[in-house]
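*Asks:*
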Amino acid sequence: MRADLSSKVALVTGSSKGIGKAIAIRFAENGADVVVNARNPGPALEVVEQVKALGQKAR
-12 MRADLSSKVA LVTGSSKGIG KAIAIRFAEN GADVVVNARN PGPALEVVEQ VKALGQKAR
C-alpha cells in the first residue's frame, strides 16, 4: 500500500533497528521527511543516510 506523505514529517522513535527502522524507511519511501530518534547514535546515523538515499530529508 502506498500513501502520499510528501510535505509531511514523521518522528519515529526507536528507529535505529527493527520495526522502528522499517517504519522510518517506509515513511521515506512514501515521501515523508523523517526525524530519526534512538538511544544509539551509530545505527541511527545509518538510518539517516538510508532515508537521504531515498531522496528525503532526515535528521
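Residue numbers (the working numbering): -12 to 46.
For each residue, glycine too, the CB sits at the ideal point set by N, CA and C.
1) For Asp(-9), which residues does DSSP report across the bridge?
2) Is the distance from the Cβ of Gly1 to the Cβ of Ala19 below 8 Å?
3) Looking at the structure shown, is Ala45 part of a helix, part of a strand, or coil, going by DSSP?
4) Are the beta-carbon atoms belonging to Val21 and Ala(-3) less than 8 Å from one another?
5) Taking DSSP as the reference, what is the three-state secondary structure of Ala40?
*Replies:* On the basis of the data shown:
1) Paired residues: none, contrary to the question.
2) no
3) strand
4) The Cβ atoms of Val21 and Ala(-3) sit closer than 8 Å to each other.
5) helix
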